[in-house]
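Asker: First the structure, then my questions, so here it is.
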Amino acid sequence: MLGSAFVDPAGFLLFGPRVGAELGGERWTMGASARVFHWGLLSRALFLEEEWSFAFSYGVALRGRYYLQPAQRGLHLGVAAELLRTNVEHPAERTVARSFYGVPHIEAGYRLPFSSFYVDGSVSAGYAFLFAARIDDPPGGSSAQLYEAVDESNVYAAAALDLGLRF
5 MLGSAFVDPA GFLLFGPRVG AELGGERWTM GASARVFHWG LLSRALFLEE
55 EWSFAFSYGV ALRGRYYLQP AQRGLHLGVA AELLRTNVEH PAERTVARSF
105 YGVPHIEAGY RLPFSSFYVD GSVSAGYAFL FAARIDDPPG GSSAQLYEAV
155 DESNVYAAAA LDLGLRF
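Letter by letter, the sequence shown follows residues 5 to 171 in our numbering.
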């Protein structure tokens, strides 16, 4: 059984940094990861309108990969599913838009090992499905009824640059 743990610092530029782990055999692996969605610059640019800001927003994912070379290195192909919870606040109106998305996607990438460490670049594409959305009033707010939750389901694409440690 081979395993690894990783961090994706490039997520600060995209949809939030991730941390995760992967376990498996020479070629087949299963992995799990978590991301802080509201820290990503691209997530802020795509999902925030003027005067809105992110509250704590996160994602958790499971993935399966197949490596074309043994020892979990080289080219890999995979499938993944992420659950994404977003909280977007409008401080002046004292409202919070809460959304819950499911994001199945396919991925391809390349892992370059360096002794016990590795660099793994990958790209993925899929679709973000809205499961639930609502507008809430935080304490002291009373404007939620003036807003309507919007379905932002859409095509999804991302890239990652994992820095990892094999064990």
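A virtual CB, placed ideally from N, CA and C, is assigned to each residue, including glycine.
Are there 16 or more other CB atoms within 10 angstroms of the CB of serine 147, so buried, or fewer, so exposed?
Answerer: What you label residue 147 is simply residue 143 of the sequence shown in a count that begins at 1. With fewer than 16 Cβ atoms within 10 Å of its Cβ, serine 147 is classed as exposed.
Asker: Do the region 163 to 171 and the region 134 to 142 meet, that is, are 3 or more Cβ pairs less than 8 Å apart?
Answerer: As far as the Cβ criterion goes, the region 163 to 171 does not touch the region 134 to 142, which means the pair count is below three.
Asker: Taking C-beta to C-beta, are tyrosine 131 and valine 159 nearer than 8 Å?
Answerer: Counting from one through the sequence shown, the residue named residue 131 turns up at place 127. Counting from one through the sequence shown, the residue named residue 159 turns up at place 155. Yes, the pair counts as a contact, with Cβ atoms nearer than the cut-off.
Asker: Just tell me which of Phe133, Asp124, Ala161 has its CA closest to the CA of aspartate 12.
Answerer: Within the sequence shown, residue 12 is the residue found at index 8, counting from 1. The option with the nearest alpha carbon to aspartate 12 is Asp124.
Asker: I'd like to know whether the C-beta atoms of glycine 44 and arginine 67 end up nearer to each other than 8 Å.
Answerer: Numbered from 1 along the sequence shown, position 40 holds the residue referred to as residue 44. Numbered from 1 along the sequence shown, position 63 holds the residue referred to as residue 67. Cβ atoms of glycine 44 and arginine 67: not closer than 8 Å.
Asker: Would you identify the three-state DSSP class for glycine 15, choosing helix, strand or coil?
Answerer: As a working mapping, residue 15 is identified with position 11 in the sequence shown. In the structure shown, glycine 15 sits in a helix (DSSP, three-state: H, G or I).
Asker: Report the rounded CA-to-CA distance for tyrosine 71 versus serine 8, giving the unit in angstroms.
Answerer: To locate residue 71, count along the sequence shown from 1; it is residue 67. To locate residue 8, count along the sequence shown from 1; it is residue 4. Roughly 14 Å separates the two Cα atoms.
Asker: With a threshold of 8 Å, are at least 3 pairs of Cβ atoms found where one atom belongs to the region 108 to 121 and the other to the region 150 to 158?
Answerer: At 8 Å Cβ cutoff, the stretches do not touch.
Asker: Does the Cβ-Cβ distance between alanine 153 and alanine 101 come in under 8 Å?
Answerer: Numbered from its first residue, the sequence shown carries residue 153 at position 149. Numbered from its first residue, the sequence shown carries residue 101 at position 97. Yes, they are a contact pair.
Asker: Could you spell out the range, first to last residue, of the alpha helix (DSSP H) harbouring phenylalanine 51?
Answerer: Indexing the sequence shown from 1 puts residue 51 at position 47. Looking at the DSSP string, the run of the alpha helix (DSSP H) that includes phenylalanine 51 is 45 to 51.
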